[in-house]
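Before any comments, here is the structure.
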Ligand code: ADP
Ligand code: ZN
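In our numbering, the protein residues as written are 12 to 640.
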């Protein structure tokens, strides 16, 4: 720190929390982790996104002599990370490939001279001889390995360079190491321990529940319209992320949202680096921007006020889905995780797996991940219960997911299932041919298409016996049978449906088929009052930030808007995202507490010493002016 803001002598972790970060108390395991690492111990920290992992290494780095070396794969975000901690008065810098040599030499010198509290490094750079050599010419307070799940070879964020990080422990056995991640299945956890050589590390595992996020999964019909209606009705003017599988989809959807007045931008790995940076910059620095992206976007984005995350295609695993949705509502205010999912998604992802050039073991692993995802989509029980059970946590029904808010009806689908399976059985046995969902539904519903006539399928005994169900209802039946494993996608990759070992039991009525009745697509936007939301149908009249201002008196709302306008000016001048200056929650606390001097200001959550000095006078003036108006 430029001047040590802590009292003389050895400051405590709590002093640092209060004086530097401006927060009153630690959350969850933070205090325990900080104590353990400050004392020299290794740690594995599992906390959900938004749980407060950064403090777990930032504070020990300040309390121990030397610089905390933070290993992070997020090259594009290092500047932001450094800007944010510089705003707190910490001395931080980064080393990565995006830097010019002069700047790099400046950072290296600062490190050697002991002038840094935090040094962010990309793993590929860290592992070069040059960088390891540099580190040995200065004092290292600790190693923090952020996004540690990147070491997991079967995970969705695998970075080969992470595998080399075990050398840190060998080379610097006395420097504490912490691995941090928001991905937490038992398998990933043990992979991290093994590959990073953290067998002796103490493990700190937090609850992964994010109660402020409302989880909803809707049957997919016209996804473009569904998404637009969702955004217009519930999140007009809000920041959000929409995830799609294909690059082309991200561009199409972004264009269509823009036509309807949503400030949407596409992002995928096929865009050039400058364009990707520009999109990221607008998303971080401006309010109300929606990014429509492939999963290439989002890791490390710590924008606290992302109000929704939408999936228009089925994610490949629950782990990935939970990470992506976790980017919503880091500020703890109400947020929505919305997904539209349909039969075509199941067919497509099963096909990807079948066609993947990888070995059987890998394919079986991918199939297990997808099965868990499908079970989540088709559950009639609480979504959050299902999600957290995946991470080994048990909870009561949450009251803030679609199935809790509007429990779905179930119905006995045994007979329709038998009609479908026996059609497939006949076609397989008599003609040794396989067909996809569309054609099977035509047979069952008695639609005399050209294809039906050509193959003589109107002669089958099951022809027309399923006219009582609509096309969409048949698709729901097929989707759920696939999810249950009573039906499968055949090899060859054309979405053909084949029987499984379980099919026989259904055909013989030894296995009944309880299905969930899809809600009409337009429904399901009720918000629980408990989560601070409002009834559906807000009609787009809301201003961004309205959710943080909710529950403020009319007078305080005026003050809140004035503070936001002031913050926007500061952010613009400094080229920083508004939330790096102050979070909405800090502005809200200012409205409620109405402090009149610097001592009172210092007591507001989010105002540490550096920000008090930088902005205290301006804030007091603004507050005084509001009082006299
Ligand atoms: P993570 O990296 O786990 O996703 P962060 O470290 O970015 O989470 O923290 C999430 C947000 O919570 C940040 O804005 C951070 O400043 C804030 N925060 C962290 N710890 C505390 C605390 N003890 N009190 C108040 N706010 C906190
Ligand atoms: Zn629930």
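Beta carbons: idealized from backbone N, C-alpha and C, even for Gly.
Unbroken alpha helix (DSSP H) run spanning residue 291, endpoints: Here residue 291 is taken as the residue at index 280 of the chain shown, counted from 1. Unbroken alpha helix (DSSP H) run through residue 291: 284 to 296.
query: Going by Cα to Cα distance, which pick from 268, 388, 207 and 424 is closest to residue 522?
result: Against the chain shown, residue 522 aligns to sequence position 511. Considering only alpha carbons, the answer is 424.
task: Starting from the N-terminal side, write out each stretch of the beta strand (DSSP E) that is 3 residues or longer and does not extend beyond the segment 349 to 377.
output: none
For residue 191, the three-state DSSP class (helix, strand or coil): Locating residue 191 in the chain shown gives position 180, where the first residue counts as 1. Three-state result, residue 191: strand.
message: So, does the segment 356 to 373 touch the segment 406 to 426, judging by three or more C-beta pairs under 8 Å?
response: no
- prompt: Cβ of residue 410 versus every heavy atom of the ligand ZN: is any distance shorter than 7 Å?
  reply: In the chain shown, residue 410 corresponds to position 399, counting from 1. Answer for residue 410: yes, Cβ within range of the ligand ZN.
message: Do residue 98 and residue 591 count as a contact pair if the criterion is CB distance below 8 Å?
response: Position 580 of the chain shown holds residue 591. Position 87 of the chain shown holds residue 98. Yes.
- request: Might you give, ordered along the chain, the residues of its own chain that have their beta carbon closer than 6 Å to the beta carbon of residue 629, omitting 5 neighbours on each side?
  value: Within the chain shown, residue 629 is the residue found at index 618, counting from 1. Excluding positions up to five away in sequence, the list is empty.
field: Residues near residue 550 by beta carbon distance below 6 Å, same chain, minus five either side
entry: Along the chain shown, one-based indexing puts residue 550 at 539. Caution applies to residue 550, whose pLDDT of 34 falls short of 50 and renders its modelled position unreliable; the value that the coordinates give is listed next. Closer than 6 Å at the Cβ level, and outside the excluded window around residue 550, lies no residue.
- prompt: With burial defined as no fewer than 16 other Cβ atoms inside 10 Å of the residue's Cβ, what is the status of residue 61: buried or exposed?
  reply: Reading the chain shown from its first residue, position 50 is the one you call residue 61. The residue is buried, with at least 16 neighbouring Cβ atoms inside 10 Å.
- request: Output yes or no for whether 8 Å exceeds the beta carbon distance between residue 143 and residue 106.
  value: Locating residue 143 in the chain shown gives position 132, counting from the first residue. Locating residue 106 in the chain shown gives position 95, counting from the first residue. Not closer than 8 Å, so no.
field: C-alpha gap between residue 267 and residue 236, whole angstroms
entry: Within the chain shown, residue 267 is the residue found at index 256, counting from 1. Within the chain shown, residue 236 is the residue found at index 225, counting from 1. The straight-line gap from Cα to Cα measures roughly 9 Å.
query: Just curious, the beta strand (DSSP E) that residue 126 is in, first and last residue?
result: What you label residue 126 is simply residue 115 of the chain shown in a count that begins at 1. Neither: residue 126 is in no beta strand (DSSP E) and is coded neither H nor E.
message: Which same chain residues end up closer than 6 Å to residue 149 when comparing Cβ atoms and leaving out the 5 residues on each side of it in sequence?
response: As a first step, residue 149 must be located in the chain shown, where it is residue number 138. 122 and 123.
From 145, 301, 147 and 216, residue whose alpha carbon lies closest to that of residue 67: Counting from 1 along the chain shown, the entry for residue 67 is found at position 56. When each option's Cα is compared against that of residue 67, the closest is 216.
message: Residues in the same chain with beta-carbon distance under 7 Å from residue 139, minus the five sequence neighbours each way, listed in chain order, please.
response: Along the chain shown, read from residue 1 onward, the residue named residue 139 stands at position 128. Nothing listed; no residue qualifies.
- request: Enumerate in chain order the residues of its own chain whose CB-to-CB distance from residue 534 is below 6 Å, with the five nearest sequence positions on each side excluded.
  value: Taking the chain shown and counting its residues from 1, the one referred to as residue 534 is at position 523. With a pLDDT of 47 at residue 534, under the threshold of 50, the modelled position of that residue is not reliable, and no figure is offered here.
- request: Please go through the segment 105 to 162 and give each complete alpha helix (DSSP H) segment of 4 or more residues, from N-terminal end onward.
  value: 112 to 123, 134 to 137 and 140 to 147
Buried or exposed (CB count within 10 angstroms, at least 16 for buried), residue 322: Walking along the chain shown from the start, residue 322 turns up at place 311. By the 10 Å Cβ count, residue 322 comes out buried.
query: How is residue 21 classed by DSSP in three states: helix, strand or coil?
result: The residue labelled residue 21 in the question sits at position 10 within the chain shown. Reduced to three states, the DSSP call for residue 21 is coil.
task: Using beta-carbon positions only, say whether residue 338 and residue 317 come within less than 8 Å of one another.
output: Locating residue 338 in the chain shown gives position 327, where the first residue counts as 1. Locating residue 317 in the chain shown gives position 306, where the first residue counts as 1. It is a contact, given that the beta carbons lie within the stated cut-off.
message: Nearer than 7 Å: is that true of the beta carbon of residue 29 relative to any heavy atom of the ligand ADP?
response: Within the chain shown, numbered from 1, the residue matching residue 29 stands at position 18. Flag unset: Cβ of residue 29 not near the ligand ADP.
field: Given residue 118 as reference, the closest of 91, 146, 240 and 100 once Cα atoms are compared
entry: Indexing the chain shown from 1 puts residue 118 at position 107. Residue 146 is the option with its Cα nearest to residue 118.
message: Quick check on the burial criterion: 16 or more other C-beta atoms within 10 angstroms. Buried or exposed for residue 603?
response: Taking the first residue of the chain shown as position 1, residue 603 is located at position 592. Per the 10 Å Cβ criterion, exposed.
query: For residue 543, which three-state DSSP category applies?
result: Position 532 of the chain shown holds residue 543. Low confidence applies here, because residue 543 scores a pLDDT of 37, under 50, leaving its location unreliable and the question unanswered by this model.
field: Three-state secondary structure assigned by DSSP to residue 34
entry: By 1-based counting over the chain shown, the position of residue 34 is 23. Three-state result, residue 34: coil.
message: Taking DSSP's pairing of strands, which residues face residue 500 in a bridge?
response: Within the chain shown, residue 500 is the residue found at index 489, counting from 1. Residue 500 pairs with 508.
- prompt: From residue 231 to residue 54, what distance separates their C-alpha atoms?
  reply: For the purposes of this step, residue 231 is taken as the residue at position 220 of the chain shown. For the purposes of this step, residue 54 is taken as the residue at position 43 of the chain shown. When rounded, the distance between both Cα atoms is 43 Å.
task: Measure the alpha-carbon distance for residue 13 versus residue 93 and round it to whole angstroms.
output: Here residue 13 is taken as the residue at index 2 of the chain shown, counted from 1. Here residue 93 is taken as the residue at index 82 of the chain shown, counted from 1. Reliability of the predicted coordinates at residue 13 is poor, the pLDDT of 44 falling under 50, and the value obtained from them is presented with this limitation in mind. Each residue's Cα considered, the two are about 15 Å apart.
query: Under a Cβ-count criterion, where at least 16 other Cβ atoms within 10 Å of its own Cβ denotes burial, should residue 198 be classed as buried or exposed?
result: Walking along the chain shown from the start, residue 198 turns up at place 187. With fewer than 16 other Cβ atoms within 10 Å, it is exposed.
- prompt: Closer than 7 Å: is that where the CB of residue 313 sits relative to any heavy atom of the ligand ADP?
  reply: Here residue 313 is taken as the residue at index 302 of the chain shown, counted from 1. The answer is yes for residue 313.
- prompt: Considering only C-alpha positions, which residue in the set 350, 87, 90 and 37 is nearest to residue 70?
  reply: Within the chain shown, numbered from 1, the residue matching residue 70 stands at position 59. Nearest option by C-alpha distance: 37.
- request: For residue 174, collect the residues of the same chain with a Cβ closer than 7 Å to its Cβ; drop the 5 residues on either side in sequence, then sort them by chain order.
  value: Residue 174 sits at position 163 when you count from the first residue of the chain shown. Contacts found: 162 and 206.
- prompt: Within 10 angstroms of its Cβ, does residue 450 collect 16 or more other Cβ (buried), or is it exposed?
  reply: Indexing the chain shown from 1 puts residue 450 at position 439. With 16 or more other Cβ atoms within 10 Å, it is buried.
task: Apply the 10 Å Cβ neighbour rule to residue 426 and answer buried if 16 or more other Cβ atoms are within range, or exposed otherwise.
output: On the chain shown, position 415 is the one that residue 426 refers to. With fewer than 16 other Cβ atoms within 10 Å, it is exposed.
message: Suppose the cutoff is 7 Å on Cβ atoms and the five residues either side in sequence are ignored; what does the same chain contact list for residue 555 look like?
response: For the purposes of this step, residue 555 is identified with residue 544 of the chain shown, where counting begins at 1. Only weak support exists for where residue 555 lies, its pLDDT of 43 falling under 50; the value from the coordinates is given anyway. Here the set comprises 248, 249, 298 and 299.
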